[in-house]
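Chains as they are written, first to last, in this note's numbering: chain A, 1 to 455; chain B, 456 to 910.
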């Protein structure tokens with residue numbers, strides 16, 4: 001391994017220059033005008049894999065954007081790693097808040113600024129370069145590897161599950177490795193062993209056929225915006241607990257050991273609150289902030305729209321009111337079951353004076369692996385080598401639904417080893433990646449394959 | 456009077472043709488691009504007054520659109536009528552729902568379709584033609600008359616109160632006559648003796664500095680859209696009563712006689728509900744629909760906006776949430792007092808986890824006159840002549856704040872005699888005016904001056 005690590009150290013600057021080319025392709029999957037760019041990014045990814053020593057890397061077509069697939073299977077008897085990532089990126093709006101153009105990667109103070117730097121091109125490229133180092137110095141990888149890099153992650157991965165189900169044999173492996181998450185904090189490398197799931201809905205409430213004059217009709221018919229407020233207000237109690245009957249039935253309780261581990265993490269509540277600009281932190285009674293975000297389900301209102309919302313005053317009695325709401329789920333809650341419970345409760349609390357429609361938008365299962373899983377431990381050792389310190393073990397509040405799909409469809413555990421930082425503006429202007437973490441991440445990735453070979 | 460009425464009958468068609476010219480001027484006060492049209496409508500109104508026999512009718516400048524002022528004071532010893540109306544109109548959007556162009560007045564089935572037909576050019580013109588008939592046949596009016604016709608009614612009459620206060624002597628009179636309201640129903644001429652007032656607010660709730668990812672942060676901080684729902688839900692109880700402490704303190708109770716009169720009105724709840732398209736009617740417990748709309752105060756949500764409101768799903772934890780809310784007020788509630796009570800209650804019910812801002816948008820006092828007021832009775836007799844039947848006496852749920860200003864600043868009672876119909880689309884596409892009511896209204900107006908001369 002020393003030769004591989006030396007090679008990586010020698011090539012540090014070249015990696016950054018190559019990454020800049022990757023980041024120059026505006027592969028914004030949400031915007032139709034970037035369709036050709038998205039395809040170009042897929043081809044660039046396949047080219048980079050081939051150049052790294054993964055022959056025949058190719059595009060697998062889907063009804064949407066292609067998946068980049070490549071494999072190197074020259075280590076019979078050794079484990080097979082399935083690497084998952086994505087080459088598409090978020091839109092860049094609002095463009096005027098970017099200090100440098102989002103698709104002209106710029107290095108400032110040891111960080112590279114560009115859309116996709118952290119999420120996820122930088123972290124995908126890190127693994128491609130780790131593979132390249134093994135191939136150049138050893139002529140082989142210590143494990144078998146399959147690359148599965150999609151182009152629709154930022155738009156909900158609509159065709160991914162189907163693609164996985166249709167290619168079960170092709171994707172057969174021992175473990176999934178994903179680098180699309182963040183470290184706990186600067187200088188604290190992390191392995192994520194749990195993700196929350198999601199159940200997302202739109203609620204539409206109608207009071208009357210058309211908007212009415214609030215003077216001429218106010219008082220005679222229900223106001224749908226008020227009815228919506230009444231409905232939403234009944235979703236959580238004063239202690240922050242979700243009131244949907246049965247909501248907590250399948251929630252796996254937090255273990256005492258896990259809580260004790262998290263209490264040791266260097267988490268500063270005051271700094272966190274100040275950075276968010278919140279008057280105070282607030283959540284479910286009886287849980288710490290990390291516990292609330294990582295291990296407890298939530299009910300959130302994501303959007304509200306009704307009536308007149310412009311400047312000034314308009315005395316309208318709205319005909320309709322709309323809310324987008326979602327619940328983050330934790331093991332062992334299931335999105336479908338939660339949707340049933342939610343819809344039943346909605347029907348119960350909705351006043352009979354308005355008409356209610358609920359639409360299921362999308363859902364994703366929560367995921368958790370044991371943090372003494374052998375692959376997770378292998379990743380811990382690799383990070384120790386790459387970053388010079390042992391990682392902390394964390395969960396995340398967000399969702400990566402494909403992790404559940406890999407578990408359910410392919411029976412595979414996942415190792416989530418991310419080198420982003422929480423303040424790297426993944427979906428915001430001035431996205432960036434710390435180049436120190438990028439470099440250490442290449443070393444850690446190279447070591448990770450070695451460690452997995454030995455489990 | 457017979458000669459005057461005959462003259463009006465003979466000239467029926469000419470009035471419609473002249474009205475078409477008035478309606479052709481797109482005097483939309485809300486849209487800056489129509490500023491020249493608004494001024495043109497003011498000049499047209501002054502011209503029409505002069506042509507009718509009100510010499511020296513002129514524009515009185517304000518910081519906004521001019522007021523048209525004209526007077527005929529040739530009846531010393533007789534009462535002076537101050538006529539109030541407006542020459543500006545509502546915007547026409549959505550234009551594609553109009554069956555004929557909004558500024559090319561078109562007659563179909565005895566109704567004239569155009570923006571401003573009912574609100575309020577048609578009803579202003581009705582009085583101008585009544586004056587003309589008196590002047591042509593008698594060479595004089597039976598009363599002294601002052602015309603005060605504004606151009607900012609559809610945008611909140613921002614400069615009107617100041618203009619009235621600055622011209623108290625000019626506007627001195629005995630009674631105000633306003634034709635800017637509707638009849639109770641087709642075939643049921645009405646006099647309105649009460650209006651609700653208004654207190655309108657914007658509520659802004661902030662949870663954090665910026666929008667956040669609902670996965671990464673959901674559960675740790677308050678959701679401002681949920682907090683807003685909690686706040687709003689506490690404004691009314693299950694029985695439809697407003698929960699703001701002190702809100703009902705100054706409400707004048709409905710008299711038994713008044714309730715008995717209203718029960719006699721031909722009001723069909725089922726038809727009303729079906730026309731509105733409401734699952735059921737709903738309002739304050741213990742009151743009928745007419746009582747709820749005419750004589751009881753309300754709390755309404757006029758608008759809601761927060762977070763993501765587009766197609767699909769976005770897992771945002773919004774930074775802010777906004778509501779427009781308003782209360783309709785009844786005698787003897789005062790908008791300023793209600794604002795104080797509301798703001799105090801808001802502070803009490805707002806969670807400490809969010810920052811709250813309340814903005815007072817605008818207010819108007821409720822108004823009521825006795826329905827045995829001598830001018831109201833005079834109007835009753837005039838309507839009997841014009842429409843061949845006695846009017847019913849009604850209140851309205853809406854607000855015409857200038858009525859209170861006339862009472863408070865000039866000490867004047869108002870007579871609200873409107874010939875619109877409830878389904879004439881005053882602020883909607885395909886606004887229209889029934890030409891039978893228009894014609895009978897000219898006769899009734901001419902008779903009204905005669906009746907007032909005799910009180």
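Beta carbons are placed, not taken as given, at the ideal position from N, Cα and C, and that holds for glycine. A quick note: this is a predicted structure, and the numbers were derived from the prediction, not measured.
Range of the contiguous beta strand (DSSP E) that encloses residue 777(B): Working through the second chain from its first residue, we reach residue 777(B) at position 322. 775–784 is the extent of the beta strand (DSSP E) around residue 777(B).
Cβ distance (whole Å) where residue 684(B) is taken to contact residue 390(A) below 8 Å: Counting from 1 along the second chain, the entry for residue 684(B) is found at position 229. Counting from 1 along the first chain, the entry for residue 390(A) is found at position 390. Wrong, their Cβ atoms sit about 45 Å apart, outside the cutoff.
Chain-ordered neighbours of residue 314(A) on chain B, where CB pairs are closer than 8 Å: Numbered from 1 along the first chain, position 314 holds the residue referred to as residue 314(A). The answer, in chain order, is 757, 758 and 779.
Residue 601(B) - containing beta strand (DSSP E), residue span: Numbered from its first residue, the second chain carries residue 601(B) at position 146. It spans 599–605 - the beta strand (DSSP E) in which residue 601(B) sits, taken as one unbroken run.
Strand pairing of residue 667(B), partner residues [DSSP]: Taking the first residue of the second chain as 1, we reach residue 667(B) at position 212. Residue 667(B) is bridged to 772(B).
Neighbouring residues, chain B, relative to residue 354(A) (Cβ below 7 Å): Along the first chain, one-based indexing puts residue 354(A) at 354. Residues of chain B whose Cβ lies closer than 7 Å to the Cβ of residue 354(A) are, in chain order, 734.
Contiguous beta strand (DSSP E) assignments of at least 3 residues, all confined to the region 244–293 of chain A: Segments of the beta strand (DSSP E) lying fully in the region 244–293 of chain A: there are none.
Contact the region 607–616 of chain B vs the region 511–528 of chain B: 3+ CB pairs below 8 Å: The region 607–616 of chain B and the region 511–528 of chain B touch, with no fewer than 3 CB-CB distances between them shorter than 8 Å.
Rounded C-alpha distance that separates residue 628(B) from residue 645(B): Stepping through the second chain from its first residue, residue 628(B) is reached at position 173. Stepping through the second chain from its first residue, residue 645(B) is reached at position 190. The alpha-carbon atoms of residue 628(B) and residue 645(B) are separated by roughly 24 Å.
Neighbour flag for residue 123(A) against chain B, beta carbons, 8 Å: Stepping through the first chain from its first residue, residue 123(A) is reached at position 123. No, residue 123(A) does not count as interfacial toward chain B.
Proximity winner among 640(B), 664(B), 649(B) and 668(B), relative to residue 198(A) (alpha-carbon distances): Residue 198(A) sits at position 198 when you count from the first residue of the first chain. The option with the nearest alpha carbon to residue 198(A) is 668(B).
8 Å contact criterion, which residue 80(A) and residue 5(A) should meet: CB distance rounded: On the first chain, residue 80(A) is found 80 positions in, with the first residue counted as 1. On the first chain, residue 5(A) is found 5 positions in, with the first residue counted as 1. Not really, about 23 Å apart at Cβ, beyond 8 Å.
Proximity below 8 Å, CB of residue 385(A) to CB of residue 442(A): The residue labelled residue 385(A) in the question sits at position 385 within the first chain. The residue labelled residue 442(A) in the question sits at position 442 within the first chain. It is not a contact, given that the beta carbons lie outside the stated cut-off.
Residue 675(B) versus residue 298(A) - alpha carbon distance: Counting from 1 along the second chain, the entry for residue 675(B) is found at position 220. Counting from 1 along the first chain, the entry for residue 298(A) is found at position 298. About 10 Å.
Residue 763(B) at chain A interface by Cβ criterion, 8 Å: As a first step, residue 763(B) must be located in the second chain, where it is residue number 308. Interface residue, yes.
Rounded separation between residue 620(B) and residue 769(B) - CA only: Numbered from 1 along the second chain, position 165 holds the residue referred to as residue 620(B). Numbered from 1 along the second chain, position 314 holds the residue referred to as residue 769(B). One Cα belongs to residue 620(B), the other to residue 769(B), and the distance between them is close to 52 Å.
Length of the line joining the Cα atoms of residue 218(A) and residue 317(A): Counted from its first residue, the first chain places residue 218(A) at position 218. Counted from its first residue, the first chain places residue 317(A) at position 317. C-alpha of residue 218(A) to C-alpha of residue 317(A): approximately 7 Å in a straight line.
Residue 474(B) beta carbon less than 8 Å from that of residue 567(B): The count along the second chain starts at 1 and reaches residue 567(B) at position 112. The count along the second chain starts at 1 and reaches residue 474(B) at position 19. Yes.
Residue range of the alpha helix (DSSP H) that includes residue 9(A): Taking the first residue of the first chain as position 1, residue 9(A) is located at position 9. Annotation: the continuous alpha helix (DSSP H) that includes residue 9(A) extends over 2–10.
Integer-rounded CB distance, given that residue 115(A) should sit under 8 Å from residue 102(A): Here residue 102(A) is taken as the residue at index 102 of the first chain, counted from 1. Here residue 115(A) is taken as the residue at index 115 of the first chain, counted from 1. Indeed they touch by this definition, with Cβ atoms about 4 Å apart.
Proximal residues to residue 239(A) (C-beta, below 6 Å), its chain only, five neighbours per side dropped: Here residue 239(A) refers to the residue found at position 239 when the first chain is read from its first residue. Taken in chain order, the residues that qualify are 285.
Three or more C-beta pairs below 8 Å linking the region 318–328 of chain A and the region 287–304 of chain A: Result yes; three or more Cβ-Cβ pairs closer than 8 Å.
3-residue-minimum beta strand (DSSP E) runs that sit fully inside the region 189–241 of chain A, ordered along the chain: 190–195 and 197–206, all fully within the region 189–241 of chain A.
Secondary structure of residue 903(B), DSSP reduced to three states: In the second chain, counting from the first residue as 1, residue 903(B) sits at position 448. Residue 903(B) sits in a helix when the DSSP states are folded into three classes.
Distance between beta carbons of residue 192(A) and residue 416(A), contact taken as under 8 Å: Within the first chain, numbered from 1, the residue matching residue 416(A) stands at position 416. Within the first chain, numbered from 1, the residue matching residue 192(A) stands at position 192. That belief holds up - the Cβ atoms of residue 416(A) and residue 192(A) are roughly 4 Å apart, short of 8 Å.
Any chain A beta carbon closer than 8 Å to residue 685(B): In the second chain, residue 685(B) corresponds to position 230, counting from 1. Taking 8 Å as the threshold, the shortest C-beta distance from residue 685(B) to chain A falls below it.
Identity of the residue in 766(B), 723(B) and 540(B) nearest residue 577(B) by Cα: Here residue 577(B) corresponds to residue number 122 of the second chain, with the count starting at 1. Looking at the Cα atoms, 540(B) is the closest of the given residues.
Interface residues of chain A facing residue 572(B) [CB-CB closer than 9 Å]: One-based indexing of the second chain puts residue 572(B) at position 117. Chain A residues near residue 572(B): none, gap ~17 Å exceeds 9 Å.
Start and end residues, alpha helix (DSSP H) containing residue 498(B): Numbered from its first residue, the second chain carries residue 498(B) at position 43. Residue 498(B) -> alpha helix (DSSP H) spans 490–507.
Coarse secondary structure for residue 78(A), derived from DSSP in three states: Position 78 of the first chain holds residue 78(A). The answer is coil: DSSP assigns residue 78(A) none of H, G, I, E or B.
Closer than 8 Å to chain B by CB, residue 218(A): In the first chain, the residue the question calls residue 218(A) occupies position 218. In terms of beta-carbon proximity, residue 218(A) lines the interface with chain B, with at least one pair separated by less than 8 Å.
C-alpha distance - residue 586(B) paired with residue 512(B), whole-angstrom precision: Numbered from 1 along the second chain, position 131 holds the residue referred to as residue 586(B). Numbered from 1 along the second chain, position 57 holds the residue referred to as residue 512(B). Rounded to the nearest angstrom, the two C-alpha atoms are 13 Å apart.
Candidates 206(A), 45(A), 8(A) and 342(A), of which the one nearest residue 236(A) by Cα: Here residue 236(A) corresponds to residue number 236 of the first chain, with the count starting at 1. Ranking the options by Cα distance to residue 236(A), first place goes to 342(A).
Closest by C-alpha distance to residue 184(A), when choosing among 407(A), 393(A), 430(A) and 454(A): The count along the first chain starts at 1 and reaches residue 184(A) at position 184. Considering only 407(A), 393(A), 430(A) and 454(A), the residue with the shortest C-alpha distance to residue 184(A) is 393(A).
Buried versus exposed, by CB contacts within 10 Å (16 or more), residue 51(A): Working through the first chain from its first residue, we reach residue 51(A) at position 51. In summary, residue 51(A) is exposed, with fewer than 16 beta-carbon neighbours lying within 10 Å of its beta-carbon over all protein chains present.
Neighbourhood of residue 128(A) by C-beta, 7 Å cutoff - its chain only, sequence neighbours within 5 removed: Taking the first chain and counting its residues from 1, one reaches residue 128(A) at position 128. Shown here for residue 128(A): same chain residues with a beta carbon closer than 7 Å to its own, the five before and five after excluded, namely 48, 49 and 52 in chain order.
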